[in-house]
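There are 2 protein chains.
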Amino acid sequence: MRSAATTRVQSFANHETVFHEDDAADRMFEVVEGSVMLFRLLADGRRQVVDILSAGDLVGISLTGLYDCSAEAIGETRLRILDRRQIDGDAELQLHVNRCLMSRIETLHSHAVLLGRKSAAERVASFLMRFVPGRGVVGCAGPAEGDDSRVVVLRMTRQEIADYLGLTIETVSRVLSDMKRRGVISIEKNDHIRLASICRVCKLTGIH
Amino acid sequence: MRSAATTRVQSFANHETVFHEDDAADRMFEVVEGSVMLFRLLADGRRQVVDILSAGDLVGISLTGLYDCSAEAIGETRLRILDRRQIDGDAELQLHVNRCLMSRIETLHSHAVLLGRKSAAERVASFLMRFVPGRGVVGCAGPAEGDDSRVVVLRMTRQEIADYLGLTIETVSRVLSDMKRRGVISIEKNDHIRLASICRVCKLTGIH
DNA sequence: CGTAATATTGAACCGAATCAACTACCGTGG
DNA sequence: CCACGGTAGTTGATTCGGTTCAATATTACG
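For the protein sequence lines, the chains are A and B, in the order given.
Here the numbering used here = 1-based position in the first sequence + 15.
Here the numbering used here = 1-based position in the second sequence + 15.
Next comes the structure, spelled out in structure tokens:
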């Protein structure tokens with residue numbers, strides 16, 4: 016979005032913290048590469064991953080001056096540091112920020128449906144479909160002619176997936192095992208999952 | 016936000032539909048009075064209320080050109096119809112839209128924690144605390160000297176509350192009955208609930 | 001006052017959590 | 001290269017919170 020010459024890019028290792036909830040929100044970022052996980056903690060340690068951001072998304076926007084959740088890199092991640100003042104003055108940039116925020120809101124709406132109304136199996140299927148762009152959404156292309164399989168790389172631990180889906184690691188594991196048993200997926204590595212048929216996975220998401 | 020002379024205000028009766036999910040997002044609104052409930056449906060009829068908006072909030076902002084959820088008035092509600100073109104040109108207005116969107120995102124983050132990680136009792140307590148501004152949040156004033164009770168008016172049916180909290184009507188009812196039994200609240204009318212002690216309700220929200 | 005809609009309560013059931021054991025994987029160093 | 005230890009993931013048995021189904025009570029309203 017901005018010319019690379021005038022902006023600074025910072026690298027984060029897998030699981031490295033970008034900022035903590037309640038810290039002063041002094042910096043804003045744009046994801047250049049990798050992903051960022053936003054999460055909140057309850058006092059007793061329960062954790063909920065509230066959003067997962069990837070290339071092009073903005074991280075660390077705050078209304079109150081304090082970050083409203085913590086942020087952690089998923090995989091090797093590079094973030095461009097943005098200048099708040101530059102944005103405030105530029106109508107064009109503001110429009111871009113606007114679109115990013117709206118996109119977050121739509122995603123958060125979907126996630127509320129998942130957390131409030133979907134079964135464990137539907138949540139895991141929905142999670143897997145995140146990694147298949149253009150499928151399972153409006154204007155879904157339908158099953159590709161011929162082979163409709165695909166390998167998705169999660170780059171998240173079972174604990175992170177569970178905290179994102181509002182489940183426990185055991186439940187996530189059980190659902191994946193069950194999908195494997197039924198031939199819907201096969202687990203090539205812990206975080207490399209082959210969807211035997213994208214369409215079949217999609218039918219398990221609960222949206223149909 | 017805008018001068019009343021040049022803008023149109025539309026009134027909606029309780030439970031009247033403002034727009035439907037997937038309709039063309041041709042209009043944007045600002046809540047003048049009352050509230051608006053945003054919800055999504057799954058194909059089998061499961062419903063999740065994803066957000067509840069009140070005075071000053073914007074309704075019907077869309078990224079895709081289609082509304083991403085349905086909107087329904089809660090109580091007698093008045094909405095100001097906004098002109099999209101007017102906003103796009105005005106940096107000052109954009110900043111306001113921006114702040115509104117950020118506020119939605121923070122609320123949606125909180126709601127994800129509620130839906131993903133809180134017990135039924137914690138969800139209902141959190142819901143009741145929504146109606147007590149300035150308490151149970153950062154910089155909470157603490158219990159008022161003397162009487163710390165308060166009557167809150169829900170203006171929503173048990174079904175709507177349940178769909179907002181990701182529960183069933185029976186569970187909502189049971190939790191409220193249990194709180195009543197323990198003297199935390201008293202139900203003066205179905206939608207008029209007296210919190211005997213705001214502080215005690217707050218302690219049940221799970222955030223402490 | 002009578003009726004329909006909404007809310008409460010009870011009993012049985014079920015899905016996911018919990019607790020506990022076991023297994024696979026990964027990196028390190030002998 | 002393989003043995004070792006630690007971490008992450010799986011699987012099983014049991015428990016528990018919330019749902020479901022059914023009956024009753026209450027409220028709103030003509």
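No residue lacks a Cβ here, since even glycine has one placed at the ideal position from N, Cα and C.
Quantities reported herein were computed from a predicted structural model and do not represent experimental measurements.
Beta-carbon proximity check, residue i vs residue j, cutoff 7 Å
i	j	result
Ala106 (chain B)	Val190 (chain B)	no
Leu97 (chain B)	Met43 (chain B)	yes
Ile89 (chain B)	Ser50 (chain B)	yes
Ala213 (chain B)	Val152 (chain B)	Here residue 213 (chain B) is Ile; the residue named in the question, Ala, does not match the sequence. Contact: no.
Thr32 (chain B)	Glu91 (chain B)	no
Gln109 (chain B)	Gly131 (chain A)	no
Thr220 (chain B)	Glu121 (chain B)	no
His223 (chain A)	Ala58 (chain B)	yes
Ser85 (chain A)	Phe54 (chain A)	yes
His300 (chain A)	Asp178 (chain B)	There is no way to answer for residue 300 (chain A), as the model of chain A reaches only from 16 to 223.
Leu226 (chain B)	Leu68 (chain A)	Since the first residue of chain B shown is 16 and the last is 223, residue 226 (chain B) is not available in this structure.
Val216 (chain B)	Leu129 (chain B)	no
Arg150 (chain A)	Leu210 (chain A)	no
Leu48 (chain A)	Arg119 (chain A)	The identity of residue 48 (chain A) in the sequence shown is Glu, whereas the question assumes Leu. No.
Ile200 (chain A)	Val167 (chain A)	no
Arg95 (chain B)	Glu45 (chain B)	yes
His126 (chain B)	Ala127 (chain A)	yes
Residue i (DSSP reduced to helix, strand or coil)
i	result
Val139 (chain B)	helix
Asp15 (chain B)	Examination of residue 15 (chain B) is not possible in this model, given that chain B is present from 16 through 223 alone.
Leu94 (chain B)	strand
Gly49 (chain A)	strand
Glu36 (chain B)	coil
Ile184 (chain A)	helix
Ser192 (chain B)	helix
Glu121 (chain B)	helix
Ala106 (chain B)	helix
Ala19 (chain A)	Reliability fails at Ala19 (chain A), whose pLDDT of 48 lies under 50, so the model's placement of it is uncertain and no value is given.
Ile176 (chain A)	helix
Leu81 (chain A)	strand
Arg145 (chain B)	coil
Gly151 (chain B)	coil
Gln101 (chain B)	helix
Ala127 (chain A)	helix
Val112 (chain A)	helix
Opposing strand residues paired with residue i [DSSP bridges]
i	result
His207 (chain A)	A:Val168 and A:Lys204
Arg55 (chain B)	B:Gln63
Phe44 (chain B)	B:Val74 and B:Ile96
Glu87 (chain B)	B:Thr32 and B:Met52
Leu219 (chain B)	DSSP output for Leu219 (chain B) lists no bridge partner at all.
Ser26 (chain B)	B:Arg93
Ser69 (chain A)	A:Ser50
Query raised in the report: For the 8 Å Cβ check, are there 3 or more pairs between the segment 34-41 of chain B and the segment 170-180 of chain A?
Result: Using a Cβ-Cβ distance cut-off of 8 Å, the segment 34-41 of chain B and the segment 170-180 of chain A are not in contact, since fewer than three pairs of beta carbons, one from each stretch, lie closer than that value.
Query raised in the report: Given a limit of 8 Å on CB to CB distance, which residues of the segment 107-122 of chain B reach chain A?
Result: Taking 8 Å as the upper bound on Cβ-Cβ separation, chain A lies near residues Gln109, Leu110, Val112, Asn113, Arg114, Leu116, Met117, Ser118, Arg119, Ile120 and Glu121 of the segment 107-122 of chain B.
**Report entry** Any 3 or more C-beta pairs closer than 8 Å across the segment 182-198 of chain A and the segment 21-31 of chain B
**Finding:** The answer is no - the segment 21-31 of chain B does not touch the segment 182-198 of chain A, with fewer than three Cβ pairs under 8 Å.
Query raised in the report: Taking a cut of 7 Å between CB atoms, which residues from the segment 51-63 of chain A lie near chain B?
Result: Listed by position, the residues of the segment 51-63 of chain A near chain B (Cβ gap below 7 Å) are Arg55, Leu57, Ala58, Arg61 and Gln63.
Query raised in the report: What residues in the segment 123-134 of chain B have a beta carbon less than 7 Å from any beta carbon of chain A?
Result: The segment 123-134 of chain B vs chain A, Cβ under 7 Å: Leu123, His124, His126, Ala127, Val128, Leu130, Gly131 and Arg132.
**Report entry** Under 7 Å (Cβ pairs) to chain A, residues found in the segment 80-93 of chain B
**Finding:** Against chain A - using a Cβ distance shorter than 7 Å - the residues of the segment 80-93 of chain B are Asp83 and Cys84.
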